[in-house]
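Notes follow once the structure below has been shown.
Residue numbers (this note's numbering): 3 to 717.
Structure representation (structure tokens):
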């Protein structure tokens, strides 16, 4: 036992060090409150500065919210996402998102991106530059924040507006100025060619040649520098759009109601969320600069008319033919991309399911059938593009070549001088290259609409009520369902049919019934995953529709049917719902769940790594870890849905004993009599209604449906 105790002490020391480092920027130091009299900025006030930076409405903290909860309250209400980062190297020169850090005295420091690309410290007097001394005082751990999409707005229009808001005025001005300078550089070469063929070559002198060479070299170098600046600017625009778009769409996905996720496979949802990368790459990396270049290339028409007025109209006709080729190519590409996305979604969804269930597939010896099913999906994916798309590049160059021949003939027929024609060709080449660049971009642009269609369902779904409901800080545990009617679709029969149920504060309630009677559906309603068609669910006399669901669920411990573990160590899996959980508290939760002894026998104890599907532990151990997770945060309400089905009798007794000792309200769905025998009350559901209720002895005495079920187990 001494070895186990030593390991626990070591683990505790490691944990305390990690937690101190992890939460320094956001956890109040000893003696700090959210109302500092000495003018120091608190964590909650610091967060308000970041909320203001994003242009979001200010969040007022109600007086009933405790000081230590103010930060979490503001974070949830604002909808901001927070991520832990390390401030290493020359971090102050890599300003992209606002950061909340702490100095060596533990005081909050708000770092905001400045116009020069460096971080500035936000103070009560406004943002100020970071001095070298101040940079040394700031700790190495910080938290960056991401702006969310408007919670009360839906549709792609909101998404476009959000993406554009991620760009500053300086970004737009920079790309416009650079594009104009680049086009002006292109105007120089035609004039140089005219001078060379008009003056230098006919005269046979080289007096003007050095000056022309210097001008050409200078123009080339200047154009190269402008292109470099353009590439940097385009890269910066694309990065900002991806950063904003990715975080916002994943945040929106996490806040969507549970029924939305039934419409799509996990793999398909992953593809839909990641389609935002394609959108941002096309918009930031190609569409904006290319379209701007094509628009500004109109100035070449003025130059062309100066060199060869007779060739202006034929030049425009050739360009229009090129644009027709672009339009046809883009239309066909959009149609093909849409089909590919639809088929790829099905393939990805099936692959995700197949990989997730690979153990079951191999156990059943169904590898060949699984491969055949995948091949069936894959053969429907259109791999080769339409014939026109395959030759569109060649067709485009053919238009360019044919146009050049026509222009040469017209120049000869109109008696255009060699110098004017060469100058004209140089200007026309720059003009046509801009249009061809737009044509080449047409292939990428063809993927924009299908990608938009991929993201559209996520953006058009209204998220759950976040921020406008009443924040739940603490519950008494009284629950009531009043005449609840629920069915999953209008074409299906009611799963819950006028169900009314009152659960007292601290009551231990067992729920039993045949499969499909509505037990698990009842749990989903209590968690706010589903909304009743009619009737109401109350917590402490308050309608669940008027409560802030995230804060409500925070006060509920849950073990659902087919619950899963997260990839990570055992401690992280237990503490995921209670971030401030100490190692001793985690061991205590494991002890009450009957899994502590098993964890002690593992080589790395609480730091034993687990895979997503619970690899490395048995089914019973997995369930007990899930139970430990549910009770670790000391919830006000505990919901168990077949949470002990994989436990042996000895472990079952430990868990049941723990449930009896808990003071919170407990709802347990189970078929095993040993799980529900000691409940204060048991209800028997049938066809969405309560047909029997009472304690174990009362129900057995009735000799009804419950007694019949019990007799089958006893015999």
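Cβ coordinates follow ideal geometry from the N, Cα and C atoms, glycine included.
- Inter-residue distance for residue 491 and residue 648 is about 32 Å (C-alpha atoms, whole angstroms).
- The C-alpha of residue 269 is placed about 5 Å away from the C-alpha of residue 350.
- Along the region 533–595, the alpha helix (DSSP H) occurs as fully enclosed runs of 4 or more residues at 551–556, 572–577 and 585–594, listed in sequence order.
- Ranked by Cα distance from residue 711, the options 586, 516, 65 and 329 are led by 516.
- Non-local beta-carbon contacts of residue 299 in its own chain, meaning distances under 6 Å to residues more than five positions away in sequence, involve 433 and 436 in chain order.
- With a 10 Å radius around the Cβ and a threshold of 16 neighbouring Cβ atoms, residue 80 comes out buried.
- When only Cα atoms are considered, residue 131 and residue 125 end up about 11 Å apart.
- Bridge partners of residue 85 according to DSSP: 146.
- Residue 640 and residue 662 have their C-alpha atoms some 12 Å from each other.
- Around the Cβ of residue 545, a 10 Å sphere holds fewer than 16 other Cβ atoms; the residue is exposed.
- By the Cβ criterion, the region 581–599 is in contact with the region 617–630, since at least three pairs of Cβ atoms, one from each stretch, lie closer than 8 Å.
- Under DSSP, residue 639 forms a beta bridge with 558 and 667.
- One Cα belongs to residue 369, the other to residue 95, and the distance between them is close to 53 Å.
- Under a 10 Å Cβ-count criterion, residue 134 is classified as exposed, with fewer than 16 other Cβ atoms of the shown protein chains found around its own Cβ.
- Counting other Cβ atoms within 10 Å of its Cβ, residue 62 stays below 16 and is therefore classed as exposed.
- From the listed residues 101, 119, 176 and 89, the smallest Cα separation to residue 138 is found for 89.
- Within a 10 Å sphere around the beta-carbon of residue 265 sit fewer than 16 other beta-carbons, which makes this residue exposed.
- When secondary structure is reduced to three states using DSSP, residue 520 falls in the coil class, being assigned neither helix nor strand.
- Judged by DSSP in its simplified three-state form, residue 430 adopts helix.
- Counting only residues of its own chain and dropping the five nearest sequence neighbours on each side, residue 262 has a CB closer than 7 Å to the CB of 463.
- Annotated three-state conformation of residue 459 is helix, per DSSP.
- When only Cα atoms are considered, residue 195 and residue 211 end up about 12 Å apart.
- The three-state reading of DSSP puts residue 486 in strand, counting E and B together.
- In this structure, the beta-carbon distance from residue 537 to residue 484 falls below 8 Å.
- Of 673, 609 and 494, the smallest CA-CA separation from residue 512 is found for 673.
- Distance between residue 241 and residue 284, taken at the CA atoms: about 12 Å.
- By the 16-neighbour rule on beta-carbons within 10 angstroms, residue 608 is buried.
- Taken through DSSP and simplified to helix, strand or coil, residue 436 comes out as helix.
- In terms of CA proximity to residue 499, 524 leads the group 610, 524 and 346.
- Residue 667 sits buried, since 16 or more C-beta atoms from the chains shown fall within 10 Å of its C-beta.
- With respect to the C-alpha of residue 338, the residue from 570, 450 and 159 having the closest C-alpha is 450.
- Restricting attention to alpha helix (DSSP H) runs no shorter than 4 residues, the region 248–297 encloses them at 268–284, ordered along the chain.
- In this structure, residue 314 lies near residue 306, with their beta-carbon atoms less than 8 Å apart.
- Under the three-state reduction of DSSP output, residue 691 falls in the strand class.
- A residue is called buried when at least 16 other Cβ atoms come within 10 angstroms of its Cβ; residue 322 does not meet this threshold and is exposed.
- Inclusion of residue 163 and residue 56 in the CB contact set at 8 Å is not warranted, their separation being larger than that value.
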